[in-house]
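First comes the structure, then the notes that go with it.
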Amino acid sequence: MSPTKYSILAFFLLFSCAIIAQNDDIEDIDVLKLRIENKIKQSEFDINRGNYFNAKENLKKALELAVNNKDKKSQGIILAKIGELQFTINEFDKSLASLIKAAEIQREIEDNKNLAITYSIKGALHAGREEYKDALEYLHSAKKPF
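To convert, count from 1 in the sequence shown and add 1444; that's my numbering.
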């Protein structure tokens, strides 16, 4: 074979490897999203069963996956769920910190639907702390369309 044919063959082999590698990246992202959703669903089952420790661990793992995947929407949702769980187990300060982070992310990416949910949880949190004025503000903010 001539050197030109070897060059063309080498080019096609390298090009085909690059295409295969790109397809793997797309599949990896889909797999990561499924793993995140699975961890969230598992935590919801654990919360319904009253197993708050396992729910918290599953949400932490899901948050780690979302951060590694740079999935801002999932990060906001997970932080809101962590905040709600912390509110349920009377960790009010930690809950407020998680909800503030969730709201920041959701405002940044303009995820208004989940931002409203986060505001309603913050309203319930402030009502639980007997901060009724703040609670009303957040509950009204959750009700208003963005």
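The beta-carbon is built from N, C-alpha and C at its ideal position, and this holds for glycine as well.
Computed from a predicted structure; not experimentally measured.
Residue interval of the alpha helix (DSSP H) (run including residue i)
| i | result |
| --- | --- |
| Asp1578 | Tyr1576 to Lys1587 |
| Lys1545 | Phe1536 to Glu1552 |
| Lys1517 | Lys1516 to Thr1532 |
| Gly1567 | Asn1556 to Gly1572 |
| Asn1502 | Tyr1496 to Asn1513 |
Inter-residue spacing [alpha-carbon to alpha-carbon] between residue i and residue j
| i | j | result |
| --- | --- | --- |
| Lys1504 | Glu1574 | 29 Å |
| Gly1572 | Val1511 | 30 Å |
| Glu1508 | Lys1500 | 12 Å |
| Ile1522 | Glu1488 | 11 Å |
| Ser1539 | Ile1473 | 29 Å |
| Ile1480 | Lys1545 | 18 Å |
| Asn1467 | Ile1452 | Below a pLDDT of 50, predicted positions are generally treated as unreliable, and Asn1467, at 47, falls in that range; no measurement from the model is reported. |
| Asp1555 | Asn1482 | 21 Å |
| Glu1581 | Asp1490 | 31 Å |
| Asn1492 | Lys1577 | 30 Å |
| Glu1535 | Phe1497 | 13 Å |
| Leu1543 | Gln1486 | 21 Å |
| Arg1551 | Asp1537 | 21 Å |
| Ala1579 | Asn1502 | 29 Å |
Option in the options with minimal Cα separation from residue i
| i | options | result |
| --- | --- | --- |
| Val1583 | Lys1577, Gly1567 and Tyr1576 | Note that residue 1583 corresponds to Leu in the displayed sequence, not to Val. Closest by alpha carbon: Gly1567. |
| Ala1560 | Glu1488, Ala1586 and Ile1521 | Ala1586 |
| Gly1494 | Ile1521, Arg1479 and Leu1529 | Leu1529 |
| Ala1524 | Leu1478, Lys1514 and Ile1549 | Ile1549 |
| Val1475 | Ala1506, Asp1490 and Ser1451 | Ala1506 |
Residue j beta carbon less than 9 Å from that of residue i
| i | j | result |
| --- | --- | --- |
| Lys1516 | Ile1553 | yes |
| Tyr1563 | Ala1541 | no |
| Lys1477 | Ser1518 | yes |
| Leu1593 | Gly1527 | Because residue 1593 is not part of the residues shown, which for the chain are 1445 to 1590, the question remains open. |
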